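For reference, each letter of the sequence shown is one residue, going 1 to 138 in UniProt numbering. All C-beta atoms in this analysis are idealised placements derived from N, C-alpha and C, irrespective of residue type, glycine included. Just so you know, these numbers come straight off a predicted model, no measurement behind them.
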Amino acid sequence: MLSSEDAKKDSDSKRSTDVSRASPSSQRSKRHESNNNNNPGSKEAASRRKSKKQHKKSLDDSNRSKRQQKIDNSTDGCGSARQQQQQKNSFEKGSGEMIASARTVRKSAESLERRSSRREKNRSAEKLVESKLQKVKR
1 MLSSEDAKKD
11 SDSKRSTDVS
21 RASPSSQRSK
31 RHESNNNNNP
41 GSKEAASRRK
51 SKKQHKKSLD
61 DSNRSKRQQK
71 IDNSTDGCGS
81 ARQQQQQKNS
91 FEKGSGEMIA
101 SARTVRKSAE
111 SLERRSSRRE
121 KNRSAEKLVE
131 SKLQKVKR
């Protein structure tokens, strides 16, 4: 039978053998360290990459905070009149649809009128061209 001390020694010996058998990732890191020691240029490149990554991360964080501030400012009533008008229009709803402002209705009417006048001009131009073609054919 094993005594408690023998069991302790047994488990300690297992631990020491587990440590000696390194995991693949630790072997890989040891290999990288030995390669880096042999080649100092790779250390410099790695440090440049690391600093570049940290710099990019800090820029992203600052940009994120700026975006967050913009979002916060737009909801508290501050901002340009145009932004406030757009927000106001987006909040106005009637029967499940957005209510069109008088300005958009007027703009759509003007564009419809322009399109119809263009069509009329094109038709008249086509008629002129057709009549000239018929004269040429005769």
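Looking at the secondary structure, which residues open and close the alpha helix (DSSP H) in which Ser119 lies?
Residue identity differs from the one stated: residue 119 is Arg in this sequence, not Ser. First-last of the alpha helix (DSSP H) with Arg119: Ala102 to Lys137.
Would you kindly work out how many angstroms separate the C-alpha atoms of Ala109 and Glu120, rounded to a whole number?
One C-alpha to the other measures close to 17 Å.
Which value, in whole angstroms, describes the spacing of the CA atoms of Lys107 and Glu113?
Looking at the two C-alpha atoms, the distance is approximately 10 Å.
Got a sec? Which residues, its chain only, sit under 6 Å from Glu130 by beta carbon, not counting five neighbours each side?
Closer than 6 Å at Cβ, skipping near neighbours: no residue.
To the nearest angstrom, report how far apart Lys127 and Leu133 are at their CA atoms.
Rounded to whole angstroms, Lys127 to Leu133 spans 10 Å at the Cα level.
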